[in-house]
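In the UniProt record's numbering, the protein residues as written are 1 to 234. Glycine included, C-beta positions come from ideal geometry on N, C-alpha and C. Given the structure is predicted, the values throughout are model-derived calculations rather than measurements. First the structure, in the form of structure tokens, and then the observations on it.
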Amino acid sequence: MLTINNLHVYYGGIHALKGVSLNVNKGEILTIIGSNGAGKSTLLNSISGFLKYKGEIIYKDQKLNFSPNKIVQMGICHVPEGRLVFANLTVEDNLLLGAYLRNDKKGIKEDLEKVYTLFPRLKERQKQLSGTLSGGEQQMLAMGRGLMSSPDIMLLDEPSLGLAPLLVQTVFDIITDIRKMGKTILLVEQNAFKALSIADRAYVLEQGKIIMEGSAKDIANNPSIKEAYLGVKK
């Protein structure tokens with residue numbers, strides 16, 4: 001569904017991604033784990049069209065060299081790190097902005113109800129200003145807003161960042177529910193234990209390079225990964 005070949009990204013003199021290659025299969029949850037500064041968010045921003053790069057990104061057999069809005073229209077949604085909700089707009093206005101590029105009014109209405117079913121807390125707060133929501137509620141809103149673009153694949157950047165442990169579990173449960181809706185998930189996450197527990201496959205990104213790949217179960221059971229990311233001593 002999504003293939004990345006030999007991707008290089010530079011920030012001035014900094015070589016952020018160094019020949020990254022990976023593939024995402026339709027219907028799976030693929031997670032990318034790595035420490036701060038490994039290049040995880042850079043990878044997602046490259047797919048979304050926010051960064052210039054060398055190499056190629058292929059989506060549904062078509063090279064991605066379009067503007068971010070066109071990439072969204074093609075079925076790729078990016079839920080950014082830090083949520084980035086529109087604080088001065090209501091919950092419902094934020095959700096409707098997710099459907100800004102759509103013109104199928106019936107489909108938008110149906111998807112809005114699906115989002116409210118998936119996130120009943122947002123239904124309760126639909127007329128509330130988004131800036132007054134808790135961190136967990138804002139994360140739900142960001143994910144719901146992404147779903148309103150009617151994506152085939154969702155890029156989730158650190159969805160559990162800064163959340164209380166109970167809410168972290170809720171967010172990961174919701175990610176599995178989203179996959180059941182027929183969506184493909186590319187998950188970037190520092191909480192390696194949780195990410196690997198719900199993913200089908202995983203890549204480990206370190207200093208801009210893929211150092212390991214495999215099934216999520218195999219990655220989770222790898223002794224070096226256990227020590228580096230899961231807090232388990234050899």
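Does the structure place the region 78 to 88 close enough to the region 102 to 122 that three or more beta carbon pairs sit under 8 Å? In short, these stretches do not touch, since the Cβ pair count stays below three.
Local conformation of Asn23 per DSSP, three classes: Asn23 falls in the strand class under three-state DSSP.
How is the alpha helix (DSSP H) around Val72 delimited, first residue to last? Pro68 to Gln73
Element boundaries [alpha helix (DSSP H), containing Phe147]: Before going on, a small fix: residue 147 reads as Leu here, not Phe. Element bounds for Leu147: Gly135 to Leu147.
Between which two residues does the beta strand (DSSP E) carrying Thr31 extend? Ile29 to Ile33
Extract the residue ranges of the alpha helix (DSSP H) inside the region 92 to 177, only unbroken runs of 4 or more that lie entirely within it. 105 to 118, 120 to 124 and 135 to 147
For Ala87, count neighbouring C-beta atoms within 10 Å of its own C-beta (all shown protein chains included) and say buried if the count is 16 or more, exposed if not. exposed
According to DSSP, simplified to helix, strand and coil, what is Ser215? Of the three classes helix, strand and coil, the one that applies to Ser215 here is strand, per DSSP.
Can you give me the start and stop residues for the beta strand (DSSP E) that Leu186 sits inside? Thr184 to Val188
Excluding the 5 residues preceding and the 5 following Asn94 in the sequence, name in chain order all residues of the same chain whose CB lies nearer than 7 Å to its CB. Val85, Phe86, Ser130, Leu141 and Arg145
Status (buried if at least 16 other CB within 10 Å, exposed otherwise) for Asp157: By the 10 Å Cβ count, Asp157 comes out buried.
Beta-ladder partner(s) of Tyr59, from DSSP: Leu2 and Gln62
First through last residue of the beta strand (DSSP E) which encompasses Glu227: No beta strand (DSSP E) holds Glu227; the alpha helix (DSSP H) holding it covers Pro223 to Tyr229.
Are the beta-carbon atoms belonging to Ala38 and Glu206 less than 7 Å from one another? yes
Is it the case that the Cβ atoms of Ile57 and Tyr229 are separated by a distance below 7 Å? no
Going by CA-CA distance only, name the one from Met181, Ile225, Val24 and Lys183 that's closest to Asn191. Ile225
Taking Cβ to Cβ, would you say Thr90 is nearer than 7 Å to Lys127? Yes. Within cutoff.
With respect to the beta strand (DSSP E) encompassing Ala202, which residues constitute its N-terminal and C-terminal limits? Arg201 to Glu206
For the putative contact between Ser134 and Arg102, defined by C-beta atoms under 8 Å, what is the C-beta separation to the nearest angstrom? 28 Å between Cβ atoms; not a contact.
Taking DSSP as the reference, what is the three-state secondary structure of Ala16? strand
On a CA-only basis, which of Gly182, Phe193, Arg179 and Leu187 is nearest Pro165? Give me that one, please. Nearest C-alpha to Pro165: Phe193.
Given a cut-off of 7 Å on the beta-carbon distance, is the pair Leu186 and Val9 in contact? no
Sub-7 Å separation of Lys26 and Thr184 beta-carbons: yes
Are Asp200 and Ile29 closer than 7 Å when you measure CB to CB? yes
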